[in-house]
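Numbering follows our numbering, in which position 24 of the sequence shown is assigned residue number 24; successive positions increment by one, without gaps. Glycine included, each C-beta is placed from N, C-alpha and C at the ideal position.
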Amino acid sequence: MRIELETWRSRQSVTASKPRQTKAKKHHYIPRSFQERFSGPDLNLWFYDKRERAFGVRRKPIARLFRGWELYTVVGLDGARDRTTETRLSVIEGRASPILDRVITEAREGRASLFSEAERLALSTFFIAQFRRSPDLHNTVAGRRRVDDAVAEVIAEWEAAGHIAPSSQRSAVENERLGRKIRGNLLAENAAAPMETASPVMMQRGFTTGVIRLPQRSFVLGSTQFARLLSPQRRQDLGDPGSELWLPIASDVALCSHGLPGRGRLLEIDRDQDVRKVNGAIVSASTVFASPNRELVEALSRRMGEYQPPEGEIAVPPSAFNQERT
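Printed below as a string of structure tokens:
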């Protein structure tokens, strides 16, 4: 994932001419429409937040889950707000939503989903956008390093231009504020950045639908929505068709980017260990995870300390999904 630093710089000249907007709002990084496929008619979910362990498992309406202040708003140096990214994300969600609804219906009916080229592009773009827009991704060690490098570079440029006096107390305050602004803008810009470089990689991969056929088993919804599973060559990058990128799209249905493009495939998930593998990868990488099933959230929160991905990667060993079933 490349941080679009030059795009951020160009935004400053654009937003500087816009009038200041004071109204702030919270953005969902998992769309409410997506959460509804997990929550059921009461529109509530049980959740666990690793940052607030003392509070244990709690329940909230989806309107108040998986969101943050102005996540996708680019804030100019004069305070002007540009919400272009939020609009772009809404378009991406709107194109993918009816396709996801069809996949869920067909999977529950035991049918494999077939996709046109336009539908495959819409799904690929949705996968990329959901991956990029997660605050968890930007809080990883690699993400923090990229952001810190960008912050240091911009601050150095400002100091060289005489805008910040490093020796003054005001300088430290300005540096801190500028750093927060740059971090927020990098997340906002990157979430719906042009997909031309990423989509072709996803378009070279196929889609498999997995549906759970076990009673009282379900997928968890995490702030990191994806389970990244290693290929037989122990790679997790999308350049290896054997690697798997699982996205649960309902409590019993998941869509997986895997293999080469071709005919649709439906995988009946009838082993408890396969459900646990996907849930374990999601929970390990997520700050917050949720489900309409309180017992599932409680069980996953207890097992959380036992699960450790190999070598700190967001991945698990090669899964049974890699084995062709007849």
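Quick one: is K26 near chain B, going by C-beta distance under 8 Å? Going by chain labels, chain B is absent from the structure shown, which holds only one protein chain.
Strand pairing of E244, partner residues [DSSP]: Within the sequence shown, residue 244 is the residue found at index 244, counting from 1. Beta-bridge pairing links E244 to L229.
Can you tell me whether F47 is helix, strand or coil according to DSSP? Counted from its first residue, the sequence shown places residue 47 at position 47. Here F47 sits in strand by DSSP.
Suppose you measure from the CA of F127 to the CA of R67; what does that come to, to the nearest Å? Counting from 1 along the sequence shown, the entry for residue 127 is found at position 127. Counting from 1 along the sequence shown, the entry for residue 67 is found at position 67. Distance between the alpha carbons of F127 and R67: 18 Å.
Grouping DSSP H, G and I as helix and E and B as strand, with all else coil, what is E268? What you label residue 268 is simply residue 268 of the sequence shown in a count that begins at 1. Correct three-state label for E268: strand.
How would you label Q216, buried or exposed, when you count the other beta carbons within 10 angstroms and need 16 or more for buried? In the sequence shown, the residue the question calls residue 216 occupies position 216. When all chains shown are included, Q216 counts as exposed.
In whole angstroms, give me the CA-to-CA distance for L334 and P248. Because residue 334 is not part of the residues shown, which for the chain are 1 to 326, the question remains open.
Identify whether G262 lies in helix, strand or coil by the three-state DSSP scheme. Position 262 of the sequence shown, counted from the first residue, corresponds to residue 262. In the structure shown, G262 sits in coil (DSSP, three-state: anything other than H, G, I, E or B).
Let me confirm a value: Q130 is counted as buried when at least 16 other C-beta atoms fall within 10 Å, else exposed. Which label applies? Here residue 130 refers to the residue found at position 130 of the sequence shown. Looking at its Cβ environment, which holds 16 or more other Cβ atoms inside 10 Å, Q130 is buried.
Mapping DSSP to helix, strand and coil, what is L65? As a first step, residue 65 is located in the sequence shown; it is residue number 65 there, counting from the start. Note: L65 maps to coil in three-state DSSP.
What would DSSP say about L255, mapped onto helix, strand or coil? Within the sequence shown, residue 255 is the residue found at index 255, counting from 1. In the structure shown, L255 sits in a strand (DSSP, three-state: E or B).
How about the region 267-275 and the region 198-212: do they share at least three Cβ pairs that are nearer than 8 Å? yes
Indicate whether G360 and G259 have their beta-carbon atoms separated by less than 8 Å. Outside the shown range of the chain, which is 1 to 326, sits residue 360, and nothing can be said about it.
Within a Cβ cutoff of 6 Å, which residues of the same chain sit near T22, ignoring the five residues on either side of it in sequence? The sequence position of residue 22 within the sequence shown is 22, counting from 1. Note that T22 scores a pLDDT of 47, beneath 50, so its modelled location is shaky; the value from the coordinates is reported in the next line. Cβ neighbours of T22 beyond the five flanking positions: none.
Under DSSP, the alpha helix (DSSP H) around A118 begins and ends at which residues? As a working mapping, residue 118 is identified with position 118 in the sequence shown. Taken as a continuous stretch (DSSP letters only), the alpha helix (DSSP H) holding A118 covers 117-132.
Comparing C-alpha positions only, which one of R235, K26, T287 sits nearest to L137? Numbered from 1 along the sequence shown, position 137 holds the residue referred to as residue 137. The candidate whose alpha carbon is nearest that of L137 is T287.
How should T105 be labelled, buried or exposed, when 16 other C-beta atoms within 10 angstroms of its C-beta is the threshold for buried? For this step, residue 105 is matched to residue 105 along the sequence shown. That one is exposed.
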